[in-house]
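Structure first, then comments.
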Amino acid sequence: MKQMNEEERIRYLECCELAGEQEAFAELNNTKNQSNEIYKFTAMLAVKGIQFADILDYMGYTEIYVYGAGEIGQMFMEMLEGRIKVRRIIDKTNMEDIQSGWLDIMDNELPIIVTPSAYFQEISYRLMKLGIVRQRIHAVHTILSFAMKYMYPGKTNLCEMIPYNQRKHFLITGAQFTNKGSQSMLFTAVSEIRKRFQNAVIWYLAVDGHHIYTKEIKNRYDFLFLTDGYDLKAQLYEILTELTAIVDVSGYVLSSLWNHCGRYFRMLRFAYWYGIPLYLMPQSYGPFDFPDEIQKGLKKYLPAARHIYAREPATYQQMKDIYGLKNLSLSNDLVLQNSQIEKNYIYYENKSTMGTMRLDTLNNVAMIPNERNNEFAPKEKTLRVYLCFVAVLLERNKNIYLVSHSGEGDQAICEAIYEEFRDNPQVHFVKNEMDCIEFERFTTNFQYMVASRFHAIVHGYKNGVPSIAIGWAEKYKALLSAFCQENYQFDIREEISKERIRRAVLNMDACYQTESERILQNLSSIQKENCFDILEELRG
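Under the working numbering, read the sequence shown as residues 1 to 540, first letter to last.
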């Protein structure tokens, strides 16, 4: 580690608390700032006749404190046009000199607007340590981001909008668009939050490639995208002071099977240090064979979460035994619990382009592979199992539709299967781009599915469409058990014979209508529960 001066050492120690040693050290050389976006957004809003004073007035603020007297701070002050009263200007150069006026700052709820384009994390954390309530601290960049989404388009009467400072602010983490199951968890969370807090400000922190989120995509949805990463100068750190709660919808991340749970651990740390209510919505966990340092952190941070939901009984018991959690409940998958995603809560200004793809064939069966099966069995074996299912289904005169549910890996498996049956007119490769809402409707085309993606099965179950499941984790067994479908569960880690495949197909072929009725009966019972009801405690 390089030699640090006193200022760098203080910054390093503060960053260690929030992000860990590795990230804190990287932060010392991080020159990133948001100044370019600040100037760009300011200019674009000005073209629409919107000044900082208009934004703050809309937010409900007539008096403020300003932190930062640099270039952006000066520009900010000029654009207030005397319409917003500035109670005091604070800067790192006069922090020590204003102790006599600190009681004035502490004795009210007026906002502190932080104007520097870098070091918001450092500034906000120091203000919080001085006793400032975090929700009073706002970054100029984040205020402008909100204005660009909801004021710049000029399609809404601002007088009719609920002021920013009267809204709940939620961060949804653990989701992505590449995987339709993860996307459905995101859309479900947005829909369920808005059912309870219609004017909520929702921030979405993606875990897949940020190149996916084009301007067109961002404009389509009624939530704000955080696409500049996770480092300590990312916008993620700006919004932590705003948040009412963090809602995590990871499907299966907290596990020693993976080497990518660092982001997850960081969210636990954020919630702990910033005092943000954290809800870990129904998901899979474990195993928990973590290094001692990680295990120590989990024992500190998990009990501090507002509530944790486990999807499977075995996971629930492990979490109880290892971490002694009192904030833990057993709950069904959140997508299953949701009876319907309300599209008007998802899409912005009716920008949905959704339709439902209808098939003109009969006796249809979907095949939905999962590249992750290859992590638990040889590639050749998993492909052989899929090919065997296709061969048996063709014997039953089925039209088979190969569908990718998650990214290029699943797509490649579909292509490999299709290549083996390219000349057979009953084997079809679906290349249409669908989001999770359209995919769920698309499942109604099928008598049943052969599926390896957990949420593909869930999407089918919500329409009463049964599945023969080929999986690799406890979550598949628990899901099928909840719907009395255990006879149709295959574990890729075990030996799978052609005879067993044939029996499963023959049985499903004879009973899929009966199985559909059974699934819908169980679904009705499951949907009497809703894990998002716990958010009602945030009212007031």
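Even glycine gets a Cβ: it sits at the ideal position worked out from N, Cα and C.
- Here R196 has L535 as same chain residues with Cβ atoms under 6 Å from its own Cβ, once five neighbours each way along the sequence are excluded.
- For R518, the enclosing alpha helix (DSSP H) starts and ends at K498 to I526.
- Here A366 is buried, its C-beta having at least 16 other C-beta atoms within 10 Å.
- Beta-bridge analysis with DSSP links G407 to no other residue.
- Note that the C-beta distance between C531 and Y309 is below 8 Å.
- Its Cα nearest to that of R311, the residue N332 stands out among D292, Y164, L56 and N332.
- With contacts defined as CB atoms closer than 8 Å, M449 and T443 qualify as a contacting pair.
- Cβ neighbours of R136 within its own chain (closer than 6 Å, five residues either side excluded): P111 and I112.
- For W203, the enclosing beta strand (DSSP E) has its first and last residue at V201 to A206.
- Per DSSP, the unbroken beta strand (DSSP E) holding E63 starts and ends at E63 to Y67.
- Contact between the region 284-292 and the region 318-330 is established, with three or more Cβ pairs separated by less than 8 Å.
- Assigned with DSSP and collapsed to three states, M449 falls in strand.
- DSSP places A305 outside both helix and strand once states are collapsed to three, so it counts as coil.
- Between the region 119-135 and the region 70-78 there are fewer than three C-beta pairs closer than 8 Å, too few to call the two in contact.
- Secondary structure of V47 (DSSP, three-state): helix.
- Within the same chain, Cβ atoms closer than 6 Å to the Cβ of I212 are found at F177, the five residues on either side in sequence being excluded.
- In this structure the region 491-511 touches the region 385-404; the number of beta carbon pairs closer than 8 Å is three or more.
- Between the alpha carbons of N363 and S255 lies a distance of about 40 Å.
- Around the beta carbon of K398, 16 or more other beta carbons sit within 10 angstroms, so the residue counts as buried.
- A distance below 6 Å between beta-carbons, with the five flanking residues on each side excluded, links E474 to the following residues of its chain, in chain order: E312 and A314.
- Listed as beta-bridge partners of I89 by DSSP are V66.
- The DSSP-derived three-state label of Y348 is coil.
- For F120, the enclosing alpha helix (DSSP H) covers residues F120 to K129.
- Using a Cβ distance threshold of 8 Å, P466 and S497 do not count as a contacting pair.
- Apart from the 5 residues on each side of it in sequence, A206 sits with its Cβ closer than 8 Å to the Cβ of A175, Q176, F177, I212, Y213, F225, L226 and T227 in its chain, given in chain order.
- Here DSSP, grouped into helix, strand and coil, assigns F483 to coil.
- Residues of the same chain with a CB within less than 8 Å of the CB of R167, apart from the 5 flanking positions on each side, are F197, N199, A200 and V201 in chain order.
- Cβ contact annotation for E420 (same chain, cutoff 7 Å, sequence separation greater than five): L387, in chain order.
- As the crow flies, the alpha-carbon of F429 is around 31 Å from that of Q337.
- Residue range F52 to M59 is occupied by the alpha helix (DSSP H) that includes D54.
- In summary, N344 is exposed, with fewer than 16 beta-carbon neighbours lying within 10 Å of its beta-carbon over all protein chains present.
- Of the candidates V253, D208, D91 and F270, F270 places its Cα closest to the Cα of L236.
- Inclusion of R194 and Y348 in the CB contact set at 8 Å is not warranted, their separation being larger than that value.
- Under the three-state reduction of DSSP output, M281 falls in the strand class.
- In the three-state DSSP reduction, A310 falls in the strand class (E or B).
- Taking 8 Å as the cut-off, the beta carbon of V247 is found closer than this to the beta carbon of F170.
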